[in-house]
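**Student:** When we follow the numbering used here, the leftmost residue of the sequence shown carries the number 27, and every step to the right adds one. Note that CB positions come from ideal geometry on N, CA and C, so glycine has one too. First the structure, then my questions, so here it is.
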Amino acid sequence: MREKVALLGSSGIVSQRFQQRLSNHPWFELSAVFGTKENAGKSLDELTWKLPESRPELSNLAVISCPASDLNFELEKLNIQLVFSALPSAEAEEIEPILRQGGKYVFSNSAAHRMDIDVPLVIPEINPDHLALLGGQKSTNHGGSITCSTNCTVMPIAIPLKPIAKQFGIKSLEVQSEQSLSGGGWQMMASAKKTGEVSPEILGEDAKIAEEVLLLLGEFNGNDVTLAKFSTDISCRRVMRNFGHLVKVKVELSKTTTEEEIFTLLNNFTSIPQQLALPSAPSQPIIVINSTIQPSIHQWAGAESLTNPDPAIDLRSGMAVVVSDLQVTDNHLSFNAFSENTIRGAAGGCLLLAELAFKQGLLI
Numbered sequence: 027m028r029e030k031v032a033l034l035g036s037s038g039i040v041s042q043r044f045q046q047r048l049s050n051h052p053w054f055e056l057s058a059v060f061g062t063k064e065n066a067g068k069s070l071d072e073l074t075w076k077l078p079e080s081r082p083e084l085s086n087l088a089v090i091s092c093p094a095s096d097l098n099f100e101l102e103k104l105n106i107q108l109v110f111s112a113l114p115s116a117e118a119e120e121i122e123p124i125l126r127q128g129g130k131y132v133f134s135n136s137a138a139h140r141m142d143i144d145v146p147l148v149i150p151e152i153n154p155d156h157l158a159l160l161g162g163q164k165s166t167n168h169g170g171s172i173t174c175s176t177n178c179t180v181m182p183i184a185i186p187l188k189p190i191a192k193q194f195g196i197k198s199l200e201v202q203s204e205q206s207l208s209g210g211g212w213q214m215m216a217s218a219k220k221t222g223e224v225s226p227e228i229l230g231e232d233a234k235i236a237e238e239v240l241l242l243l244g245e246f247n248g249n250d251v252t253l254a255k256f257s258t259d260i261s262c263r264r265v266m267r268n269f270g271h272l273v274k275v276k277v278e279l280s281k282t283t284t285e286e287e288i289f290t291l292l293n294n295f296t297s298i299p300q301q302l303a304l305p306s307a308p309s310q311p312i313i314v315i316n317s318t319i320q321p322s323i324h325q326w327a328g329a330e331s332l333t334n335p336d337p338a339i340d341l342r343s344g345m346a347v348v349v350s351d352l353q354v355t356d357n358h359l360s361f362n363a364f365s366e367n368t369i370r371g372a373a374g375g376c377l378l379l380a381e382l383a384f385k386q387g388l389l390i
């Protein structure tokens, strides 16, 4: 029997990615979707489906809308303990702690609680040991907890950096991002399509990325996380591409290395999700290529086949990071990396995180 789960958010990009990836999930059954008053009572198939892939077959769920104070009651009526949050930050800041206090396990894609000292911010391949922070939350919240996935642009940075940091150490990090329109939501995509242009500025994004990377690559010391110690220089801009974030990375290492060493290190990297064969875990989380990154193709990296993959069936599609243009001079490394921001960087990454916690028995 699959575990019943609920989804907060009914019509946004990340919500629809969650619906897509939960429609055939082997462990989790989407049993409730909460949304706005405007969508209350509508079945999911009445809501406009905006992803480019066809709408997956979903049970005929009607969107539930209720005051935040009634959410725990509604979930308990449905016997649901596990909740995925695709809420905007303002709503998440209020609602997620209410659910935690009610004993629910919240897996959030929102930024609202990512930097809370007792909330694990986790990429399953990178810092699964940080999930130990859940113990402190559960002891004071009737067993409930909040666990956060990261900023979408952090994925193609942090995943390749993990094995590099472990093997060679990092002294400094410089990143330039080229972030897709979908990172700004449906309205940004629609506006850019209409006008043919978009503002490149992404306010506050550089600081968010820097603090999350240092936390993710930090060490859990038994009580909290000691941040990684290296300097960062991050710049971000929006580009006219619908899906997928590209980052240009330069790293000063603590040791010298070669392109061959880095190529082998990244291409052979695996971690706990692969060892546990989690449903959303790509067999190869980092794919190094000798050609130019092609966003329309590489957005599905990790899929069994890059030819017309179905992300509602193949849960590994869009879950790998693609690395190209490796260059090494002594202890200076540069590379480009790409990942699908609404899948690995959002719903897919959050779902993989829940799979890990579920498999490890942390949701009891």
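Does DSSP put H358 in a helix, a strand or coil?
**Tutor:** H358: strand per DSSP, three-state reduction.
**Student:** Please tell me whether A327 and I313 are closer than 7 angstroms, where the distance is taken between their beta carbons.
**Tutor:** Cβ distance < 7 angstroms, so A327 and I313 count as in contact.
**Student:** Within the continuous beta strand (DSSP E) that includes A32, where are the two ends?
**Tutor:** Its beta strand (DSSP E) spans residues E29 to L34.
**Student:** Going by CA-CA distance only, name the one from E287, V59 and E55 that's closest to V354.
**Tutor:** Of the candidates E287, V59 and E55, the one whose C-alpha sits nearest the C-alpha of V354 is E287.
**Student:** Kindly confirm or deny that the region 154 to 170 and the region 202 to 220 touch, where touching means at least three C-beta pairs closer than 8 angstroms.
**Tutor:** No contact exists between the region 154 to 170 and the region 202 to 220.
**Student:** Taking the C-alpha atoms as reference points, what is the distance between E200 and A233?
**Tutor:** Between E200 and A233, the C-alpha separation is close to 13 angstroms.
**Student:** For A58, tell me which candidate among P78, A254, G128 and E100 has the shortest Cα-Cα distance.
**Tutor:** Closest by alpha carbon: E100.
**Student:** Tell me, which residues are paired with A363 by DSSP?
**Tutor:** Per DSSP, V273 and V349.
**Student:** Nearest to N357 by alpha carbon, out of I185, T283, V349 and N316?
**Tutor:** The shortest Cα separation from N357 among I185, T283, V349 and N316 belongs to T283.
**Student:** Once the 5 residues before and after S261 are set aside, which same chain residues still bring their CB inside 8 angstroms of it?
**Tutor:** Excluding positions up to five away in sequence, the list reads V201, Q202, S203 and D232.
**Student:** Would you give the residue range spanned by the beta strand (DSSP E) that R43 belongs to?
**Tutor:** First-last for R43: I39 to L48, but that is the alpha helix (DSSP H), not the beta strand (DSSP E).
**Student:** Quick one: Cα of I90 to Cα of S280, how far?
**Tutor:** Their Cα atoms are separated by approximately 53 angstroms.
**Student:** Whose C-alpha, out of A88, Q42 and A32, is nearest the C-alpha of P82?
**Tutor:** Of the candidates A88, Q42 and A32, the one whose C-alpha sits nearest the C-alpha of P82 is Q42.
**Student:** Tell me the rounded alpha-carbon separation between A137 and A88.
**Tutor:** Computed Cα separation, rounded: 27 angstroms.
**Student:** Rounded to the nearest angstrom, what separates C174 and G344 at their Cα positions?
**Tutor:** Their Cα atoms are separated by approximately 19 angstroms.
**Student:** Look up F410 in the DSSP assignment and say whether it is helix, strand or coil.
**Tutor:** The structure shown has nothing for residue 410, since the chain only spans 27 to 390.
**Student:** Given C178, which residues of its chain have a CB within under 7 angstroms of its CB, disregarding the five upstream and five downstream residues?
**Tutor:** Cβ neighbours of C178 beyond the five flanking positions: G209, H271, N367, G371 and A372.
**Student:** Select from N86, K219, F361 and L159 the residue whose C-alpha is nearest the C-alpha of L292.
**Tutor:** For the residues N86, K219, F361 and L159, the minimum Cα distance to L292 belongs to F361.
**Student:** Near L160, what residues of its chain come up, given a Cβ to Cβ distance below 8 angstroms and the 5 sequence neighbours on each side ignored?
**Tutor:** The answer, listed in chain order, is P146, S171, T173, A383 and L388.
**Student:** What distance in whole Å lies between the Cβ atoms of D155 and F246, which are believed to be in contact at a cut-off of 8 angstroms?
**Tutor:** Their Cβ separation, rounded to whole angstroms, is 5 angstroms, which keeps F246 and D155 in contact under 8 angstroms.
**Student:** Determine, using beta carbons only, whether L70 and L48 come nearer to each other than 7 angstroms.
**Tutor:** No.
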